[in-house]
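Each residue of the sequence shown is one higher than the one before, counting from 1 in UniProt numbering.
In what follows, a single structure is set out as structure tokens and then discussed.
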Amino acid sequence: MCIGAVCAPGIIRAVQRSPRSAQTGEEQARPGVYTEDGTYLGADLEGQPAPPMPLVAHEPDGGLVDASRLAQRRPLLLVFVSHDCQFCADAVAYFSQDVAWMHRHDLALVGSAAALDKVEVAYARLLVDPFGATKSRLDLTATPAAVLLHTDGTFSGLAFGPQEIYELSVGAPPQD
């Protein structure tokens, strides 16, 4: 998992809990998702309504896209990736190798233009997040990260790392 510009191979799973102060052991005010050593990864988005998420299509004409509108017909898995992040490459590789996700949700890979230049996943939307604004708005501090945006405009799941992203993807409900 990559936190900021640092990839930490020892961080495998995220834990959802309220943080405890190292000094007092008391819960702190910022509930969310943390690593086992207490590093904050992001807010708990479960059931939360999606804020406006202005992104730019990663294609020659590069039009502005609001990710929440992309989920009006089918759930949308938003996977946030970073440039030169091996864990991001591993997470993206799953979508290239196994297309079972296509029956459950649409896919959008979100990151900088440099991060998306290397991505080759059929049927995925590539969306540039200018200055990391959407990632910041969702309070995500590590990559790869993913959230599932439902057709009702709410989020479910918050996954960090290739394994959790895979589990979120295959656990998404099939469409009627």
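Idealized CB from N, CA, C, for every residue including glycine.
Just so you know, these numbers come straight off a predicted model, no measurement behind them.
Residues of its chain near L126, where Cβ-Cβ distance is below 7 Å and the 5 sequence neighbours each way are ignored: In its chain, beyond the 5 residues on either side, H58, L109, L116 and V119 have a beta carbon closer than 7 Å to the beta carbon of L126.
Expected contact under 8 Å - CB spacing of L148 and D106 to nearest Å: Going by Cβ atoms, the distance from L148 to D106 rounds to 10 Å, so no, they are not a contact pair.
8 Å Cβ cutoff met for residue 197 and L45: The structure shown has nothing for residue 197, since the chain only spans 1 to 176.
Close-in-space but distant-in-sequence residues of the same chain around T151 (CB under 8 Å, 5 per side omitted): Contacts found: A71, Q72, R73, R74 and P75.
Nearest residue (CA-CA) to F131, options M53, L41 and A124: Considering only M53, L41 and A124, the residue with the shortest C-alpha distance to F131 is M53.
Per-residue burial, V81 [other beta carbons within 10 Å of its own, 16 or more giving buried]: Buried, because 16 or more other Cβ atoms sit within 10 Å of the Cβ of V81.
Every unbroken alpha helix (DSSP H) within the stretch 123-153, with a cutoff of 4 residues, ordered by chain: With a minimum length of 4 residues, the continuous alpha helix (DSSP H) runs that stay inside the stretch 123-153 are 133-137.
Inter-residue spacing [alpha-carbon to alpha-carbon] between Q48 and R104: So the two alpha carbons sit approximately 20 Å from each other.
C-beta contact flag for F160 and V121 at 8 Å: Contact flag unset, no.
Contact set for V170: own chain, Cβ-Cβ below 8 Å, skip 5 residues either direction: If we look at V170 and ignore the five residues flanking it on each side, its Cβ neighbours are A100, W101 and R104.
Beta-carbon proximity check, D84 vs G111, cutoff 8 Å: Between D84 and G111, the C-beta spacing is not below 8 Å.
T134 versus Q97: straight-line alpha-carbon distance, rounded: Spanning the alpha carbons of T134 and Q97 requires a straight line of approximately 27 Å.
Same chain only: Cβ atoms within 8 Å of A91, ignoring 5 sequence neighbours per side: Cβ-Cβ distances below 8 Å link A91 to V79, V81, P144, A146, G161, P162, I165 and Y166 in the same chain, with the five nearest sequence neighbours on each side left out; the list follows chain order.
Rounded C-alpha distance that separates A124 from L77: A124 and L77: Cα-Cα distance of roughly 10 Å.
Among L158, G157, S156 and D66, the one whose alpha carbon lies nearest that of P51: Ranking the options by Cα distance to P51, first place goes to D66.
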